[in-house]
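According to the numbering used here, the sequence shown holds residues 40 to 228 in order.
Each residue gets a CB set at the ideal place from its N, CA and C atoms; glycine is no exception.
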Amino acid sequence: MYLILFGPPGAGKGTQAARLSAAHGLAHLSTGDILRAEVAAGTPLGRQAKGVMDRGELVSDNIVIGMIANRLDEELAKPGINGCIFDGFPRTVAQAKALDSMLAERKLAIDALLKIEVSEDEIVERLLNRARQQHRSDDNAETIRNRFRTYESTTLPVAEYYAKLCTKINGVGSIDAVTQRIEAALPKA
Ligand code: AMP
């Protein structure tokens with residue numbers, strides 16, 4: 040099963056992806072997590088990405104596509120893994136097209152895009168809370184607004200691109216409630 044977990048920043052993609060990954064033996068590939076690890080390690084890529092992330096803009100397509108391409112085979116080769124959840128990727132139509140060809144080369148394809156929906160007001164409140172708890176440098180009010188605008192202008196078209204595979208999930212409620220909605224929406228094997 041190859042899933043895209045889609046939605047605005049703060050929709051709960053990371054939390055839900057971790058749960059789905061554990062429950063279904065799916066690799067969890069998060070470009071945001073990979074980028075934060077590069078920033079923390081102070082790599083040249085991390086130094087380059089940090090400013091972009093702090094402004095709430097998108098890191099270039101080539102960089103994130105390369106990150107996924109580098110990890111996909113390695114992740115899929117791990118024991119007990121029978122698919123993948125893409126979390127925070129693809130975020131542009133160019134990334135979506137690159138992902139489709141990466142998968143097609145391996146005779147694979149995306150089965151579903153789960154679009155977690157949460158209003159902008161709720162997002163801002165959640166992310167400001169997270170900023171207070173986790174000190175993420177990309178979680179200040181200005182960056183949050185920017186990330187949301189980037190989502191609307193550049194990332195929403197990805198859901199259109201995968202319209203036939205897209206299922207909307209109400210992202211408001213407890214973490215368990217959202218997990219149950221996602222489970223109910225998963226394609227039947
Ligand atoms: P996330 O944790 O997925 O919200 O990602 C945090 C930040 O990393 C984003 O605001 C972007 O600056 C960058 N980023 C993560 N994934 C991507 C992607 N697929 N394309 C471009 N930039 C990304």
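Subject >> Nearest residue (CA-CA) to Lys227, options Arg171, Gly90, His63, Arg110 >> reply: His63
**OP:** From the DSSP output, in three-state form, read off Ser69 for me.
**Re:** strand
**OP:** Evaluate the contact criterion for the segment 146 to 154 versus the segment 92 to 101: three or more CB pairs, one atom per stretch, below 8 Å.
**Re:** no
**OP:** Count the CB pairs spanning the segment 161 to 178 and the segment 112 to 121 that are closer than 8 Å, and state whether there are at least three.
**Re:** Counting Cβ pairs under 8 Å, fewer than three are found: no touch.
**OP:** Would you check whether the ligand AMP has a heavy atom nearer than 7 Å to the C-beta of Glu96?
**Re:** With a threshold of 7 Å, the Cβ atom of Glu96 counts as near the ligand AMP, since some heavy atom of the ligand is closer than that.
Subject >> Boundaries of the alpha helix (DSSP H) in which Glu113 is found, first to last residue >> reply: 100 to 115
Subject >> Residue interval of the alpha helix (DSSP H) (run including Thr206) >> reply: Taken as a continuous stretch (DSSP letters only), Thr206 belongs to no alpha helix (DSSP H), being part of the beta strand (DSSP E) at 205 to 209.
Original post:
Is the closest heavy atom of the ligand AMP to the C-beta of Gln134 under 7 Å?
Top reply: yes
Original post:
Got a sec? Which residues, its chain only, sit under 7 Å from Tyr41 by beta carbon, not counting five neighbours each side?
Top reply: Gly122, Cys123, Leu142, Leu147, Ala148, Ile149, Asp150
Subject >> Status (buried if at least 16 other CB within 10 Å, exposed otherwise) for Glu191 >> reply: exposed
Original post:
Is any heavy atom of the ligand AMP found at a distance shorter than 7 Å from the C-beta of Val157?
Top reply: no
Original post:
DSSP state of Phe187, grouped into three classes?
Top reply: helix
**OP:** State yes or no: is the C-beta of Gly53 within less than 8 Å of the C-beta of Val157?
**Re:** Not in contact: Gly53 and Val157 (Cβ atoms no closer than 8 Å).
Original post:
How is Ala151 classed by DSSP in three states: helix, strand or coil?
Top reply: strand
Subject >> Collapsed DSSP secondary structure at Glu159 in the structure displayed >> reply: helix
Original post:
Touch check for the segment 175 to 188 and the segment 196 to 206: three-plus C-beta pairs under 8 Å?
Top reply: Between the segment 175 to 188 and the segment 196 to 206, the count of Cβ pairs shorter than 8 Å is below three; the stretches do not touch.
Subject >> Identity of the residue in Ile73, Val78, Pro48, Ala223 nearest Lys207 by Cα >> reply: Ala223
Subject >> Distance CB(Met106)-CB(Thr70) smaller than 8 Å >> reply: Yes, they are a contact pair.
Original post:
Rounded C-beta distance between Leu138 and Arg110? I'm assuming under 8 Å.
Top reply: The Cβ separation is near 12 Å, so there is no contact.
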